[in-house]
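Engineer: For reference, the structure I am asking about is given below.
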Amino acid sequence: MNIITKTTLALALAAGTALAAPEVGQPAPAFTLTDSNGQSHNLADFKGKFVVLEWLNHGCPFVKKHYDSNNMQKLQKEYTGKDVVWLSIVSSAPGKQGHMSPAETNQAKEEKGSAATAVLLDEDGTVGQLYGAKVTPELYVINPEGNLIYAGAIDDTKSVDPADVEGATNYVKRALDEALAGQPVSTPKTEPYGCSVKYN
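Going by my numbering, the letters in the sequence shown line up with residues 82 to 281, in that order.
Structural data, given as structure tokens:
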């Protein structure tokens, strides 16, 4: 990579939105991240399985809505029980809301009752920028062939009230149910809502 390309990439990363987000129907960008237990995970390791990526920040009231209502944990349990890999990703930079040490991450995972396969730490925001993740929660679903089949909001109700979970249309659940049944995803892309991802 020459100096000009490196500079362009650095400026794009700094701008946050300058890097193009992956397109639904296209291959999901490859990445490797370390989880809160120090184990490395490469997206390619999960080829042949459905994978959910959930951008996470426990300090965000929109995230709290889905964890305090047990909505996120129920989804995690239901679909990991169907052999779906669920990866929560924390892209909060050190010193920013939502950033936690590995030990703090594990404590929060236990206290919240998260059933995610792993919580991945993306302190420098590289993977968040790669996916164009703008808010928390923001979710992506990847099919066994490695293609992105859903990107966007968890549901259609943009509020911080846990009571609003009931009666909302859960886009992630619908996408997974359709895909697991061998059907095309009827709503493959939605506008995510939540707190901005706390990049550097």
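The beta carbon of each residue, even a glycine, is placed where N, CA and C say it ideally should be. Since the model is a prediction, treat every value here as computed from it, not as a measurement.
(1) Report buried or exposed for residue 225, applying the criterion of at least 16 other Cβ atoms within 10 angstroms of its Cβ.
(2) For the alpha helix (DSSP H) containing residue 261, name the first residue and the last one.
(3) Less than 7 angstroms between the beta carbons of residue 233 and residue 279, yes or no?
(4) Can you tell me the Cα-Cα spacing of residue 197 and residue 169, whole angstroms?
(5) Under a Cβ-count criterion, where at least 16 other Cβ atoms within 10 Å of its own Cβ denotes burial, should residue 199 be classed as buried or exposed?
(6) Could you check how far apart the C-beta atoms of residue 194 and residue 139 are, in whole angstroms? I think they sit under 8 angstroms.
(7) So, helix, strand or coil for residue 114, using DSSP?
(8) What number of angstroms, rounded off, separates the C-alpha of residue 264 from the C-alpha of residue 254?
(9) Just to confirm before moving on: does the CB-CB distance between residue 209 and residue 172 stay below 7 angstroms?
(10) Just verifying my parser: in three-state terms, what is the DSSP assignment at residue 233?
(11) For residue 252 and residue 191, I'd like the C-alpha separation in whole angstroms.
(12) Is the CB-CB distance between residue 219 and residue 142 below 7 angstroms?
Structural biologist: In brief:
(1) In the sequence shown, residue 225 corresponds to position 144, counting from 1. Burial call: exposed.
(2) As a first step, residue 261 is located in the sequence shown; it is residue number 180 there, counting from the start. Residue 261 -> alpha helix (DSSP H) spans 252-261.
(3) Counting from 1 along the sequence shown, the entry for residue 233 is found at position 152. Counting from 1 along the sequence shown, the entry for residue 279 is found at position 198. Against a cut-off of 7 angstroms, the Cβ pair of residue 279 and residue 233 comes out as no contact.
(4) Your numbering for residue 197 matches position 116 in the sequence shown. Your numbering for residue 169 matches position 88 in the sequence shown. Those two C-alpha atoms are separated by around 6 angstroms.
(5) On the sequence shown, position 118 is the one that residue 199 refers to. Buried, because 16 or more other Cβ atoms sit within 10 Å of the Cβ of residue 199.
(6) The sequence position of residue 194 within the sequence shown is 113, counting from 1. The sequence position of residue 139 within the sequence shown is 58, counting from 1. At roughly 13 angstroms, the Cβ-Cβ gap does not stay under 8 angstroms, so residue 194 and residue 139 are not in contact.
(7) Taking the first residue of the sequence shown as 1, we reach residue 114 at position 33. Reduced to three states, the DSSP call for residue 114 is strand.
(8) In the sequence shown, the residue the question calls residue 264 occupies position 183. In the sequence shown, the residue the question calls residue 254 occupies position 173. Cα to Cα, the separation comes out at about 13 angstroms.
(9) By one-based count along the sequence shown, residue 209 stands at place 128. By one-based count along the sequence shown, residue 172 stands at place 91. A contact, by the Cβ cut-off of 7 angstroms.
(10) Numbered from its first residue, the sequence shown carries residue 233 at position 152. Three-state result, residue 233: strand.
(11) As a working mapping, residue 252 is identified with position 171 in the sequence shown. As a working mapping, residue 191 is identified with position 110 in the sequence shown. Each residue's alpha carbon lies about 26 angstroms from the other.
(12) Position 138 of the sequence shown, counting from 1, holds the residue named residue 219. Position 61 of the sequence shown, counting from 1, holds the residue named residue 142. Not closer than 7 angstroms, so no.
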